[in-house]
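Sequential numbering of the sequence shown, starting at 273, is according to the working numbering.
Backbone N, C-alpha and C fix where the C-beta goes; we use that ideal spot for every residue, glycine too.
Report on the structure given below.
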Amino acid sequence: MQKQTSRLLAAACIGLGISASPAHAANWSDTFVGYRYSPSYTEPTNPETITKNILSLTHISGYDYGQNFLNIDILQSSSNDPSNGGSRNESSTGGATEAYLTYRHQLILDKVFDRDLSFGPVKDVALTAGFDLNTKNTAFAPRKRLLVLGPTLKFDVPKGFVDLSLLLGKEWNHCGLGAPACPEANVAFDPQWIVSLAWGLPFQAGSVPMKFQGFANYNSKKGRDYAGVETEPEILVRASLMADVGQRMFDKKNTLWVGLGYEYWHNKFGNRYYGNGAKKDGILTTAPTLQVEYHF
């Protein structure tokens, strides 16, 4: 797990290097460390709710022709989600550790072609490309590799942003359980459509700066899984309402944000049924979260 996590961190450094290279010198950037907590997470085939502490590093930047988004989450589970060889009856130190990296690049076509492509409420049209990587030290031992590509509509809002993307995705993954649970250890899933809405909307609540942020993804079916069972469409919504407590307490704008969030995940990872037709446990997450961001 340590070696795989190091590889993801190396990929994060490469992504940061690309976004900061002289050929794409940033006009603006925002980098922050985040923390999320909830006792209400779930995992497919697991009937228990799971406490997770999640640390993240996020970098967002823009240059003349586009922008970059890079995020890496380190997720530490309680013992209800045990690491490989662990037990759900052990202390919390037996919980699994996961690393999940996401990178997206938007090339704004209006600027590339020097043409006004706006229409209706849409101010810009972009081409989005990127990838997801993950690893987790459970017996299942997932190693997700996802590539995405597609158009993005960038809506004209008074402050902040609202983006709607239609992406074509192709995923490769791994299952370490062996037969009969996973007759196929490595699977190249069918291509799938991903509809992704992302937003970040700042506003004032009296004298307190606030922001409502998050994303909502609809992922279509992606063929059969490791056991030959048909996957199902997947919905993931992650949203938060944050307050700029740093400005209120220390007169430092956009430094320390604290707030509450919510995660809804239906048919998690495309899971729904076992091979015998029974519905799997743990495929629906409804988790209120506590969230903190420190920007630097």
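Excluding its 5 nearest sequence neighbours in each direction, Pro316 has C-beta neighbours in its own chain below 8 Å: Lys540, Phe541, Asn543, Lys552, Asp553, Gly554 and Ile555, listed in chain order. A straight line joining the alpha-carbon of Leu381 with that of Val397 spans about 6 Å.
Residues Arg417 and Ala460 of the same chain have their beta carbon placed closer than 6 Å to that of Trp444, with the five preceding and five following residues left out of the count. Counting only residues of its own chain and dropping the five nearest sequence neighbours on each side, Leu436 has a CB closer than 6 Å to the CB of Leu425 and Leu469. By alpha-carbon distance to Ser479, the top candidate from Gly531, Leu329 and Met521 is Met521. Beta-bridge annotation (DSSP): Tyr545 is paired with Lys551. DSSP, reduced to helix, strand and coil, places Phe522 within a helical segment of the structure shown. If one requires a minimum length of 3 residues, the beta strand (DSSP E) runs lying completely within the stretch 295 to 364 are 300 to 313, 322 to 335 and 338 to 349, in chain order. In this structure, Lys383 sits near Gly338, with a CB-CB distance shorter than 9 Å.
Between Leu439 and Trp465, the C-beta gap is smaller than 9 Å, which places the two residues in contact. Nearest to Leu508 by C-alpha distance, out of Leu327, Asn491, Tyr307 and Gln378, is Asn491. Going by DSSP, Lys383 is part of the alpha helix (DSSP H) stretching over Leu381 to Val384. A direct Cα-Cα distance of roughly 7 Å separates Tyr545 from Val501. Between Leu329 and Gly366, the gap from beta carbon to beta carbon reaches 9 Å or more. Counting only runs of 3+ residues, the beta strand (DSSP E) found wholly inside the stretch 384 to 448 occupies 394 to 408, 417 to 427 and 433 to 446, in chain order.
The beta carbon of Gly495 is closer than 7 Å to those of Phe461, Asp462 and Thr503 in its chain, skipping five residues each way along the sequence. Contact annotation, Leu347 with Glu320: C-beta distance approximately 16 Å; criterion of less than 8 Å not satisfied. With a contact defined as Cβ atoms closer than 8 Å, Phe568 and Phe304 qualify at about 7 Å.
Look at Lys494 here: in three-state DSSP terms it is coil, with no helix or strand label.
Checking the DSSP bridge columns, you'll see Val509 partnered with Ala488 and Tyr536. Contact annotation: Ser310 and Thr527 have beta-carbon atoms that are not nearer than 9 Å. Nearest to Tyr313 by C-alpha distance, out of Asp302, Ser333 and Ser350, is Ser350. Selection Asp388, Pro354, His538 and Leu327 evaluated against Asn318 yields Pro354 as nearest (Cα-Cα). Under DSSP, Ala515 takes part in a beta bridge, and its partners are Met482 and Val530. For Gly367, the three-state secondary structure derived from DSSP is strand. By the 16-neighbour rule on beta-carbons within 10 angstroms, Lys408 is buried.
Looking at the backbone, the Cα of Phe341 and that of Val434 are separated by about 14 Å.
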